[in-house]
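To start, the structure itself, in structure tokens.
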């Protein structure tokens, strides 16, 4: 590993933060923390922290010794000075004289000694940083270091690699006891330049930011060199033959992972999936001993909080008929849940039965020939779990090449997953109404499509936009509207292709908003058959085409679903010269109810929105001008021609779609969004 330190960049940090009143040491602490945090092989999703000791003034102007230490929730790769809150140092040093302290009391005391009460909680390893008498301290969960320590003879290998340069600390869960053990090791080896925490990570010390940082790089490089000396071939296995694709099996896996929640919401707690399939991952999941090395534990303890201690291993899915595989995979997931529950029941008595069991679904799924799937409450959480799972693959692969991967014990993994400090964080997280749901919006680049995507994202859902390829779709994606998928909804093959990246990216589909449409006009006696067929193709058959594809995915998931259609006022209140548009929309209204009748027993609801006079690709400025002129009113009066006297906007239609998605006991219904038009009211 190479040092990324650059004198020019360091000077820029000093200058930039100096203008804000930040001292040189803290400015450089920010700089090197970012260097560490931007390297995934060192720090991944909170797996590390840094500190610097210095002086600061309290509100009275009194100068105090303080510890600037990474605050909880800050990304080391993008940290700013507020991400290293100042804690009074002397009260922390006084704690070294006591024998025991609970995690909760430790966190409370650290918060009481913050110079700024609004600052984030200092790292749980704050006391360790305080008690080691060096100015700059860096801590990472470097992959290479984990490879060395996650082995039966890890301590001996580390002594061979580092000699007297690093003191060895046995595995102890983060907190007060670990800080005491680290202090004892550092005190016993005052010449040590760092600490090796077995099964956990590395600490390095320095009198300057650069010294501590570059020492970390050197220690990691030494570990990498030792790994290279011990490499041998690993994970030899017969290819699993022709296998199904990730997009084919993802909906079934997603359904297997979903937890039943009684009558709450629609009865399921879903997960968003992310698929990974690098050559290293495929070699790992294809290994003949996968059932051994994948079931040992995490490569560093805090991974258990986001990935659970173990993944589930599914059989390779044969291409073609997946019926038998689905049954086998479901049995494997059920067995995982049973084993997880049994583990909880074994260890909860150690806490007097006070722990509340988390959901028992796996967070990582290994599938030979396909790769790995990671799950989370949203796309970001799934991505974090996937990153950690990929790191696990890398570390275990190298550990197995050297000797044999070894983790901490089952009891220690339980202690970490059910750590009270982390459980408090999880308990405080509030989910939005449609979190864990995946929504597909057709006509997604249009006015109603974009508004609908925004409304569902605001409600917590993951969104995919289907529309014709082009700059409008690209712009919608760049604006953060959702995953952009080029799709011609009038073409069967295009629709099939469009759903594949959605299932591969998110795992499946829960809500379809079939919104794509366009208006053809003309008197029925004069309109050509070609025009009428073209309108029916987009305004009716396209709805059927995308709905049929979505329902297949929903049925594979087995967790119900919601079908939503943009029907239009013309379906129930036809106007002159709008037959080519209104007739297929009337058929679509029938389609809404037909799907409600045929799939309600599967928990798939089907509803529509009857909207009118919405500025969009259907009701263009030219059409508004023509219709208002024909009626002898201004354009504004035409758009406000309803009982409420207000223009109905795309956002109003979007909110109607969201309301129907949340209406768990409503199906076969049409919700009118037109500001009030008695002639278009449904009986």
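In our numbering, the protein residues as written are 8 to 690.
Cβ coordinates follow ideal geometry from the N, Cα and C atoms, glycine included.
Note that this is a predicted model, so its numbers are computed, not measured.
Leaving out five residues on either side along the sequence, give the residues of the same chain with a beta carbon under 8 Å from the beta carbon of residue 262.
Taken in chain order, the residues that qualify are 515, 563, 564, 565, 566.
When DSSP labels each residue in this structure, what does residue 569 get in the three-state scheme?
Residue state, collapsed to three classes: strand.
Please report whether the beta-carbon of residue 25 lies at a distance below 8 Å from any beta-carbon of chain C.
In the structure shown, chain C cannot be found, because there is only a single protein chain.
What distance in whole Å lies between the Cβ atoms of residue 92 and residue 137, which are believed to be in contact at a cut-off of 8 Å?
Not confirmed; about 13 Å, so no contact.
With distances taken Cα to Cα, identify the nearest neighbour of residue 106 among 182, 490, 66, 252.
The residue with the shortest Cα to Cα distance from residue 106 is 182.
Short of 6 Å in beta carbon distance, which residues of its chain neighbour residue 49, apart from the five on each side in sequence? Order them along the chain.
43, 147, 149, listed in sequence order.
For my contact list, residue 174 and residue 199 are in at a C-beta cut-off of 8 Å; report their separation, rounded to the angstrom.
The Cβ separation is near 4 Å, so the contact holds.
For the alpha helix (DSSP H) containing residue 371, list its first residue and its last residue.
Unbroken run through residue 371 is the beta strand (DSSP E), 371–374; no alpha helix (DSSP H).
Does the count of Cβ pairs from the stretch 482–493 and the stretch 465–472 closer than 8 Å reach three?
At 8 Å Cβ cutoff, the stretches touch.
When DSSP labels each residue in this structure, what does residue 27 get in the three-state scheme?
Reduced to three states, the DSSP call for residue 27 is coil.
Could you give the residue range of the alpha helix (DSSP H) that holds residue 150?
Start and end: 150–156.
Just how far apart, CA to CA, sit residue 65 and residue 292?
Going from the Cα of residue 65 to the Cα of residue 292 covers about 55 Å.
Please classify residue 115 as buried or exposed, where buried requires at least 16 neighbouring CB atoms within 10 angstroms.
The residue is exposed, with fewer than 16 neighbouring Cβ atoms inside 10 Å.
When you compare the CB positions of residue 665 and residue 619, do they come within less than 8 Å of one another, or not?
Their beta carbons are not under 8 Å apart, which means residue 665 does not touch residue 619 by this criterion.
With distances taken between CB atoms, is the gap from residue 241 to residue 407 smaller than 8 Å?
Yes. Within cutoff.
Can you say whether residue 650 is buried or exposed, counting buried as having 16 or more other CB atoms within 10 angstroms of its CB?
Counting Cβ neighbours within 10 Å, residue 650 comes out exposed, since fewer than 16 surround it.
What span of residues does the alpha helix (DSSP H) with residue 361 cover, start to end?
That residue, residue 361, is in no alpha helix (DSSP H); it is neither H nor E in DSSP.
Can you check whether the CB of residue 128 is closer than 8 Å to the CB of residue 119?
Taking 8 Å as the Cβ cut-off, residue 119 and residue 128 do not qualify as a contacting pair.
Any chance the stretch 308–326 sits against the stretch 185–197, with 3 or more Cβ pairs inside 8 Å?
No contact exists between the stretch 308–326 and the stretch 185–197.
Mind checking which residues open and close the alpha helix (DSSP H) that includes residue 437?
Segment: none, residue 437 is in no alpha helix (DSSP H) and carries neither H nor E.
Going by Cα to Cα distance, which pick from 617, 365, 612, 24 is closest to residue 672?
Among 617, 365, 612, 24, the Cα nearest to that of residue 672 belongs to 612.
If I measure Cβ to Cβ from residue 482 and keep anything under 8 Å in the same chain, skipping five residues before and after, which residues do I get?
452, listed in sequence order.
What residues in its chain sit with their C-beta under 6 Å from that of residue 265, if we drop five residues either side in the sequence?
Excluding residues within five positions, the ones whose Cβ falls inside 6 Å are 275, 277, 566.
Tell me, to the nearest whole angstrom, how far the beta carbon of residue 503 is from that of residue 447; I am working on the premise that it is less than 8 Å.
Contact doesn't hold; Cβ gap of about 13 Å is too wide.
Would DSSP call residue 322 helix, strand or coil?
Coil at residue 322, not helix or strand.
Is DSSP giving residue 190 helix, strand or coil here?
Helix at residue 190.
Taking just the CA atoms, how far does residue 19 sit from residue 703?
Nothing can be reported for residue 703: it is not among the residues displayed for the chain, which extend from 8 to 690.
Could you tell me if residue 13 is buried or exposed, where buried requires 16 or more neighbouring beta carbons within 10 angstroms of its beta carbon?
Residue 13 comes out exposed.
Are the beta-carbon atoms of residue 384 and residue 344 separated by less than 8 Å?
No; because the gap between Cβ atoms is not below 8 Å, this pair is not in contact.
Assuming residue 154 contacts residue 409 under a Cβ cut-off of 8 Å, what Cβ separation, rounded to an integer in Å, is found between them?
Confirmed, about 7 Å.
Taking only three categories from DSSP, how would you classify residue 578?
It is helical.
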